[in-house]
Amino acid sequence: MLVTLVLQKPFAPAPDLAAQELAAAERLQRVGTVALREATRELRTGQQVYQAACMACHAAGVVGAPKFGDAAAWAPRIGAGLERLVTSTLQGKGAMGAQGGGAFSDFEIKRAVVYLANAGGGNFPEPVAPDATAAPAPQQ
Numbered sequence: 001m002l003v004t005l006v007l008q009k010p011f012a013p014a015p016d017l018a019a020q021e022l023a024a025a026e027r028l029q030r031v032g033t034v035a036l037r038e039a040t041r042e043l044r045t046g047q048q049v050y051q052a053a054c055m056a057c058h059a060a061g062v063v064g065a066p067k068f069g070d071a072a073a074w075a076p077r078i079g080a081g082l083e084r085l086v087t088s089t090l091q092g093k094g095a096m097g098a099q100g101g102g103a104f105s106d107f108e109i110k111r112a113v114v115y116l117a118n119a120g121g122g123n124f125p126e127p128v129a130p131d132a133t134a135a136p137a138p139q140q
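Counting from 1, one number per residue, gives the positions in the sequence shown under the UniProt record's numbering.
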């Protein structure tokens, strides 16, 4: 009877040790990860960042976001100063989530803040590239 039972029951496939090791490594990986941006890519303009990340809310004034070009809505924010605007943008404020650490560098986010604020009546200068590698090399 034992022989009949063994012969009728199909044998289980051999365990996939590589898949088991991969699954264990995924379970044991560190909590935080580091995402590296392409260091040599051309920096985005304020307008490009606005169109990619800000326009969805600021074009229509979604959830209290000051509308693009609305001087009355932007005046108190502009009065607080550029650094405060940038800090609020990077860390998040109200319904706007933190923009720092995302697809754009802090410098690119600052460019977008200047673009938005200046469209709303501000007069902030265009931010200067943080280092020589971010700016195009001078032609000789």
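Note that CB positions come from ideal geometry on N, CA and C, so glycine has one too.
For clarity, every value in this text was computed on a predicted model and none was experimentally measured.
- Residue pairing by DSSP puts Lys-93 in a beta bridge opposite Met-96.
- Closest option to Gln-99, judged by alpha-carbon separation, among Val-49, Ala-75 and Val-128: Val-49.
- For secondary structure counted as the alpha helix (DSSP H) over 4 or more consecutive residues, the UniProt domain "Cytochrome c" (41 to 120) holds these complete runs in sequence order: 46 to 49, 55 to 58, 71 to 80, 82 to 91 and 106 to 119.
- For the 8 Å CB-CB criterion, Gly-64 and Ala-95 form a contact.
- Pro-66 counts as buried, since at least 16 other C-beta atoms from the protein chains shown sit within 10 angstroms of its C-beta.
- Between the alpha carbons of Ala-129 and Ala-18 lies a distance of about 47 Å.
- The residue among His-58, Ala-80 and Gly-79 with its C-alpha nearest the C-alpha of Asp-70 is His-58.
- Spanning the alpha carbons of Leu-43 and Glu-26 requires a straight line of approximately 34 Å.
- Counting only the Cα atoms, Gly-61 lies some 43 Å from Leu-28.
- If you draw a straight line from the Cα of Leu-85 to the Cα of Tyr-115, it is about 12 Å long.
- By the criterion of a C-beta distance shorter than 6 Å, Ile-78 is surrounded in its chain by Ala-117 and Gly-122, once the five residues flanking it on both sides are discounted.
- By the 16-neighbour rule on beta-carbons within 10 angstroms, Thr-40 is exposed.
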